[in-house]
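Trainee: Have a look at the structure that comes next, please.
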Amino acid sequence: MLNRILTYPLIVLVRFYQGAISPFTPAACRYEPTCSSYMIEALQTHGFLYGGYLGIKRILNCHPWGGKGYDPVPEKKCEHK
Numbered sequence: 119m120l121n122r123i124l125t126y127p128l129i130v131l132v133r134f135y136q137g138a139i140s141p142f143t144p145a146a147c148r149y150e151p152t153c154s155s156y157m158i159e160a161l162q163t164h165g166f167l168y169g170g171y172l173g174i175k176r177i178l179n180c181h182p183w184g185g186k187g188y189d190p191v192p193e194k195k196c197e198h199k
């Protein structure tokens with residue numbers, strides 16, 4: 119429950135960026151899915167802390183000397199044995 123409360127505002131901010139800002143900027147993301155879509159999926163899959171870490175790490179690597187290509191969000195590992 120707390121995880122949803124923390125991730126929801128971040129997802130709303132990214133959706134705002136996707137709808138209001140991104141259409142007016144040139145396409146620059148070197149990855150598939152885009153960094154903003156990756157951030158949303160990472161937050162929904164892994165939660166606020168680890169998902170946020172993955173999304174920020176991806177955004178910081180999205181530059182001309184960084185990686186490129188298909189880079190999906192890692193699958194969530196099973197929490198019980």
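For the sequence shown, our numbering begins at 119 and goes up steadily by one.
Glycine included, C-beta positions come from ideal geometry on N, C-alpha and C.
#1: Are the region 169-182 and the region 133-144 touching by the rule of at least three beta carbon pairs closer than 8 Å?
#2: Assuming residue 161 contacts residue 128 (C-beta within less than 8 Å), just tell me the rounded distance between them.
#3: Of the residues 191, 144 and 138, which one's Cα is nearest the Cα of residue 155?
#4: Spell out the partners DSSP gives residue 150 in its beta bridges.
#5: For residue 119, count the other beta carbons within 10 Å of its own beta carbon; 16 or more makes it buried, fewer makes it exposed. Which is it?
Mentor: Looking at the coordinates:
#1: Judged by Cβ distances under 8 Å, the region 169-182 makes no contact with the region 133-144, as fewer than three pairs qualify.
#2: 6 Å
#3: 191
#4: 188
#5: exposed
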